[in-house]
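From first to last, the protein sequence lines stand for chains W and D.
Using this note's numbering, the first residue of the first sequence is number 1243, and each one after it goes up by one.
Using this note's numbering, the first residue of the second sequence is number 1243, and each one after it goes up by one.
The beta carbon of each residue, even a glycine, is placed where N, CA and C say it ideally should be.
For reference, the structure discussed in these notes is given below.
There are 2 protein chains.
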Amino acid sequence: MQRYFVPEEGWQENMVRIIGDDRHHIDRVMRMQSGDSIICNAPEGRAAVCTINDVTDQYISATIDEWLDEMKELPVEVTIAHGLPKGDKLELVLQKGTELGAASFIPFQAGRSIVKWDQKKAEKKLSRYRKIVKEASEQSHRTVVPEVEGFLDFESLLKKSEDYPVKIFAYEDEAKTNDFHGLSGILSNVESGQKIIACIGPEGGYTIEEAEALKAHGFEPVRLGPRILRTETAPLYLLASISYHFEELGC
Amino acid sequence: MQRYFVPEEGWQENMVRIIGDDRHHIDRVMRMQSGDSIICNAPEGRAAVCTINDVTDQYISATIDEWLDEMKELPVEVTIAHGLPKGDKLELVLQKGTELGAASFIPFQAGRSIVKWDQKKAEKKLSRYRKIVKEASEQSHRTVVPEVEGFLDFESLLKKSEDYPVKIFAYEDEAKTNDFHGLSGILSNVESGQKIIACIGPEGGYTIEEAEALKAHGFEPVRLGPRILRTETAPLYLLASISYHFEELGC
């Protein structure tokens, strides 16, 4: 069943009112009509099966039939802080990272980021990024849409990380030694509901100064398997492993 | 250190001779010279640190300094059989799947594959796919290059699967129930060195007939977390989980 995230103002007691892009999608792309069923997600994470009862050019209204009892979200909240990579790699990370259950994303300017964040285009970019995670959430049947936070410099990222009890960073040098820090050991000590921030370097990895600063701020270096992953593959490995650990192994 | 896969005929007793694209890459892209070090991988999986001693327009020769003792390969051999997806998604799966440790890939024609395999372009396509996995192997420091097998129809895939003691398929319907088959339970019974074939459906998943035929041929349905993954994300989740299970958790 097709799923739509409906903002707070769209919800009434037993009705939902859908406008904008989603109205267009239901009417013109899916060609749905009165009597068809959709799933509507409310901002706080709940979802309901609804029946469309009115399709107009301004809005679509639907009746709430049944609230769903779903467990689609990772039991831990994972934030991916990604050193700005080249090209459209960040968009791949946002789409796939959302499918894999990330709670939020923070792009940051790393020393070795080849691309520089253009503040003039920031609003347009962030709005595009938020569209990608919203669509990926709907497609993967998630019950909340991940946050895409505004772009940070490295110092602000370190400051921001103080909000997180668990801090890790993927560090290529750890993968080259036999005496590596274990991701599994760290995950085994994480409790349900806890917040994890995972820092991923850009192409070329962290500078030595960044790696030292991350360690000094309580980030634990982890390897993500013994092979060297591209910058955009690292967060996908991490999120899949966290899902496997908590949702499949049930550790 | 830059890594190159050198075919059998390039190896002499204590020397390596590199030709073709790799010669060009070392000379023109990396601009390496006599005295520079590279890692050369031999076809059977071993790798050696070598020092370049001659750069010519026809070949590059290097002396073998030291054979490396590496554990870069997954302890189980995973074959990803992927129902032909749209666009360049298969290329993404080949590149990322190689980074994540797959042993081989088999594209096959699924009932819901929108794209049809074009036999006239087969040779060119396969050669492109093999270039992608070779480059991804080098980049991720693997010691073997995964196989990309020729395109199969569904019947031939079922026949081929008889070579594999462990057979699984990602089945979306499993993710919608609470009584799902556990990937972790299956992996816990796999022994080091065993061969696993994992079958991934195209966009839209398997037809009911395909799912039944897979089950009848001993494929176990698994879910890959509770969220619905896109066709190209499913093999990445699976490979990351297998790596995490065997290489990080050490199960």
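Quick one: which chain D residues come within Cβ less than 9 Å of residue i?
| i | result |
| --- | --- |
| SER1382 (chain W) | ARG1469, ILE1470, LEU1471, ARG1472, THR1475 |
Using the C-alpha atoms, what's the distance from residue j back to residue i?
| i | j | result |
| --- | --- | --- |
| THR1449 (chain D) | GLN1300 (chain D) | 52 Å |
| ASP1415 (chain D) | ILE1356 (chain D) | 21 Å |
| ILE1560 (chain D) | ARG1384 (chain W) | The question about residue 1560 (chain D) has no answer here: the residues shown for chain D are numbered 1243 through 1493. |
| MET1313 (chain W) | LYS1437 (chain W) | 18 Å |
| GLY1427 (chain W) | SER1382 (chain W) | 29 Å |
| LYS1366 (chain D) | LYS1373 (chain D) | 11 Å |
| LEU1316 (chain D) | LEU1481 (chain W) | 19 Å |
| ILE1306 (chain D) | CYS1292 (chain D) | 4 Å |
| GLU1490 (chain W) | GLY1443 (chain D) | 20 Å |
| VAL1386 (chain D) | ALA1455 (chain W) | 36 Å |
| GLN1337 (chain W) | ALA1378 (chain W) | 6 Å |
| VAL1320 (chain W) | GLY1262 (chain D) | 45 Å |
| ILE1410 (chain W) | CYS1441 (chain W) | 6 Å |
| CYS1282 (chain W) | MET1257 (chain W) | 10 Å |
| LEU1394 (chain D) | ALA1364 (chain D) | 11 Å |
| PHE1396 (chain D) | LYS1457 (chain W) | 51 Å |
| ASN1431 (chain W) | THR1473 (chain D) | 32 Å |
| ARG1544 (chain D) | PRO1327 (chain D) | Lying outside 1243 to 1493, the shown extent of chain D, residue 1544 (chain D) is not represented and no answer is given. |
| LEU1332 (chain D) | GLU1255 (chain W) | 46 Å |
| TYR1486 (chain W) | TYR1406 (chain D) | 23 Å |
| GLU1250 (chain D) | ARG1265 (chain D) | 16 Å |
| GLU1433 (chain D) | ALA1323 (chain D) | 21 Å |
| GLY1467 (chain D) | ILE1484 (chain D) | 13 Å |
| GLU1286 (chain W) | TYR1413 (chain D) | 29 Å |
| ILE1280 (chain W) | GLN1244 (chain W) | 5 Å |
| GLN1361 (chain D) | ALA1453 (chain W) | 50 Å |
| VAL1390 (chain W) | GLY1329 (chain D) | 27 Å |
| LEU1429 (chain D) | LYS1376 (chain D) | 27 Å |
| LEU1334 (chain W) | ARG1370 (chain W) | 13 Å |
| TYR1246 (chain D) | ARG1273 (chain W) | 53 Å |
| SER1398 (chain D) | GLY1325 (chain D) | 13 Å |
| LEU1425 (chain W) | LEU1425 (chain D) | 19 Å |
| GLY1435 (chain W) | VAL1408 (chain W) | 11 Å |
| ILE1439 (chain D) | LYS1358 (chain D) | 23 Å |
Starting from the beta carbon of residue i, find every residue of chain D whose beta carbon is closer than 8 Å, and list them in chain order.
| i | result |
| --- | --- |
| SER1426 (chain W) | TYR1486, GLU1490, LEU1491, GLY1492 |
What residues from chain W crowd round residue i, counting only those whose CB sits closer than 7 Å?
| i | result |
| --- | --- |
| GLU1341 (chain D) | ARG1469, LEU1471, ARG1472, THR1475 |
| MET1313 (chain D) | PRO1468 |
If you measure from the beta carbon of residue i to each beta carbon in chain W, is any gap under 8 Å?
| i | result |
| --- | --- |
| LEU1478 (chain D) | yes |
| SER1434 (chain D) | no |
| MET1274 (chain D) | no |
Please determine whether the Cβ atom of residue i lies at a distance below 7 Å from any heavy atom of the ligand NAP.
| i | result |
| --- | --- |
| ILE1442 (chain W) | Only the bare structure without any ligand can be found here, which leaves the ligand NAP out of the picture. |
Are any of the Cβ atoms in chain D nearer than 8 Å to that of residue i?
| i | result |
| --- | --- |
| LYS1331 (chain W) | no |
| LYS1457 (chain W) | no |
| ALA1338 (chain W) | What sits at residue 1338 (chain W) in the sequence shown is Lys, not Ala. So yes, LYS1338 (chain W) belongs to the interface. |
Taking C-beta pairs closer than 7 Å, name the residues in chain D that residue i reaches, listed in chain order.
| i | result |
| --- | --- |
| ALA1482 (chain W) | LEU1478, TYR1479, ALA1482, SER1483 |
Note down, in chain order, each residue of its chain lying with its Cβ closer than 7 Å to the Cβ of residue i, except the 5 sequence neighbours on either side.
| i | result |
| --- | --- |
| TRP1309 (chain D) | ARG1288, ALA1290 |
| ALA1284 (chain W) | VAL1248, TRP1253 |
Only counting the same chain, and skipping five residues up and downstream in sequence, which positions put a Cβ closer than 6 Å to that of residue i?
| i | result |
| --- | --- |
| ASP1269 (chain W) | VAL1297 |
| ARG1259 (chain W) | GLY1252, TYR1301, SER1303 |
| GLU1380 (chain D) | ARG1245 |
Leaving out five residues before and five after residue i in sequence, what residues of the same chain have Cβ atoms less than 8 Å from its Cβ?
| i | result |
| --- | --- |
| ASP1311 (chain W) | none |
| SER1276 (chain W) | ILE1294, ASN1295, ASP1296, VAL1297 |
| GLY1392 (chain W) | ALA1364, LEU1368 |
| GLU1451 (chain W) | GLY1353 |
Three CB pairs or more closer than 8 Å across the stretch 1473-1484 of chain W and the stretch 1336-1352 of chain W: yes
Segment contact flag, the stretch 1348-1366 of chain D with the stretch 1388-1407 of chain D, C-beta cutoff 8 Å, min 3 pairs: yes
Inter-stretch contact (C-beta, 8 Å, three-pair minimum) for the stretch 1450-1469 of chain W and the stretch 1453-1470 of chain D: no
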